[in-house]
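Data block below; observations after.
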Amino acid sequence: MLIKLFITLLLSFSTYLIGEQRTIVHEGMEREYILHVPKKLNQDTPIVFVIHGYTGSAEGMVAYSGMNSIADREGFIAVYPQGTIDSNGNTFFNVGYEFHDDSTINDVSFIRELLRSLSQEFKLNRKKAFATGMSNGGDMSYLLACTSSDLFKAVAPVAGVLMKGLKDNCNMTSPVPLFEIHGTADKISLYEGDLNNEEGWGAYYDLPSTIEFFAKKNLLVNKSVEQITNKELGADYDIFFERHWTDGLDQEVWMYRIEGGRHVWPGIKFNWWSNPLLWFYFGSGNDDIDASEEVWAFFKKYL
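In short: position in the sequence shown from 1, add 7, done, that's my numbering.
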């Protein structure tokens with residue numbers, strides 16, 4: 008009896024920390040996601056999609072983003088979609104990589120349906136939806152900005168890139184504020200881009216061009232660059248804050264350029280349920296900023 012009680016309490020504690028593991032049927036396929044709901048809800052409660060990277064998982068995203076604790080403090084719903092398995096046996100979101108040309112998975116439709124379903128279940132204002140993600144999840148955030156500006160208030164890719172095919176067909180029907188965090192020494196999502204597709208992911212743009220593109224899409228004409236951390240003063244990295252805005256308009260486009268920064272979610276968190284491999288790949292990162300806190304502060308501007 009005591010063992011059974013202990014297991015029940017342990018599972019309940021795990022659900023509290025990680026979130027509720029759920030499924031939804033979309034286009035005939037059972038899709039998984041993790042849901043974390045704050046104690047107090049109303050129709051103005053925001054909803055934030057936090058999207059994992061290639062080969063990653065919803066559980067891993069919960070663990071290293073630490074977004075649940077911010078959701079509890081700030082009162083928003085955190086949703087962690089789970090990607091499907093590609094022909095290489097890896098989890099992914101379909102953003103147009105060259106080796107996914109034969110994939111019929113429509114992750115934009117999946118996330119839109121998931122937002123619709125959760126908004127209906129919790130009686131939410133769908134105009135307070137946001138999306139962020141790491142790497143492939145960051146790429147997915149760009150995709151949502153271009154395809155779902157009717158639903159997403161702002162997006163914040165971390166180590167994400169803009170695929171060439173998406174830029175050529177970006178159909179933003181309304182402004183989408185955007186905030187990118189990216190390291191200049193990222194060896195996976197190259198800061199300098201890869202328009203010749205030398206890495207095999209498919210052609211994608213460099214980060215300065217990407218930010219300029221979304222600044223123009225959002226009708227922004229002013230630009231400033233400010234250094235916010237300094238290695239000479241004890242920081243791990245020099246970080247530069249690039250801001251695009253137009254006087255009289257609400258929307259802005261930001262980028263944190265981390266000089267020498269790698270393929271990492273800055274301020275990465277780990278807890279007892281984490282996969283040890285995550286620490287191997289991501290554990291030694293940038294602690295000058297907390298990406299989750301910075302992303303939420305950006306989203307909060309648009310509530």
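Even for Gly, the Cβ is constructed at its ideal location relative to N, Cα and C.
State the start and end residues of the unbroken beta strand (DSSP E) segment that holds residue i.
{"i": "E187", "result": "L185 to G190"}
{"i": "S231", "result": "N229 to T236"}
{"i": "Y87", "result": "I84 to P88"}
{"i": "I58", "result": "I54 to I58"}
Locate the alpha helix (DSSP H) running through residue i, then write down its first and last residues.
{"i": "E300", "result": "A298 to K307"}
{"i": "I77", "result": "M74 to E81"}
Would you kindly work out how many angstroms separate the C-alpha atoms of residue i and residue j, rounded to a whole number?
{"i": "M68", "j": "I54", "result": "16 angstroms"}
{"i": "S76", "j": "G90", "result": "23 angstroms"}
{"i": "S148", "j": "M179", "result": "13 angstroms"}
{"i": "D201", "j": "S142", "result": "15 angstroms"}
{"i": "K174", "j": "P88", "result": "24 angstroms"}
{"i": "A166", "j": "W261", "result": "14 angstroms"}
{"i": "L226", "j": "P273", "result": "29 angstroms"}
{"i": "D254", "j": "N229", "result": "8 angstroms"}
{"i": "E37", "j": "Q28", "result": "13 angstroms"}
{"i": "I218", "j": "T139", "result": "16 angstroms"}
{"i": "T47", "j": "F186", "result": "Correcting the residue identity first, residue 47 is Lys in this sequence and not Thr. About 28 angstroms."}
{"i": "F247", "j": "F99", "result": "30 angstroms"}
{"i": "A152", "j": "F159", "result": "7 angstroms"}
{"i": "T62", "j": "Y40", "result": "15 angstroms"}
{"i": "H189", "j": "A298", "result": "10 angstroms"}
{"i": "E249", "j": "T111", "result": "37 angstroms"}
{"i": "N278", "j": "V32", "result": "Low local confidence applies: a pLDDT of 47 at N278 is under 50, so the model's placement there is unreliable, with the coordinate-based value given in what follows. Between N278 and V32, the C-alpha separation is close to 30 angstroms."}
{"i": "K194", "j": "A136", "result": "31 angstroms"}
{"i": "S94", "j": "G209", "result": "16 angstroms"}
{"i": "Y104", "j": "V232", "result": "32 angstroms"}
{"i": "G26", "j": "A222", "result": "35 angstroms"}
{"i": "F305", "j": "L256", "result": "15 angstroms"}
{"i": "E300", "j": "R133", "result": "22 angstroms"}
Using the DSSP secondary-structure output, state which residues sit across from residue i in a beta bridge.
{"i": "R250", "result": "S231 and W261"}
{"i": "T30", "result": "E39"}
{"i": "Y211", "result": "M170 and D201"}
{"i": "T62", "result": "T62 pairs with nothing; no bridge assigned."}
{"i": "F99", "result": "T91"}
Which of the three DSSP states, helix, strand or coil, is assigned to residue i?
{"i": "F221", "result": "helix"}
{"i": "I92", "result": "strand"}
{"i": "S196", "result": "coil"}
{"i": "K67", "result": "According to the sequence shown, residue 67 is Gly rather than Lys. Three-state DSSP puts G67 in a helix."}
{"i": "D243", "result": "coil"}
{"i": "H270", "result": "coil"}
{"i": "E311", "result": "Lying before the first or after the last residue shown, residue 311 is absent from the chain, which here runs from 8 to 310."}
{"i": "I275", "result": "coil"}
{"i": "D114", "result": "helix"}
{"i": "S181", "result": "coil"}
* **Segments assigned beta strand (DSSP E), at least 3 residues, entirely inside the stretch 121-179** => 136-141 and 159-165
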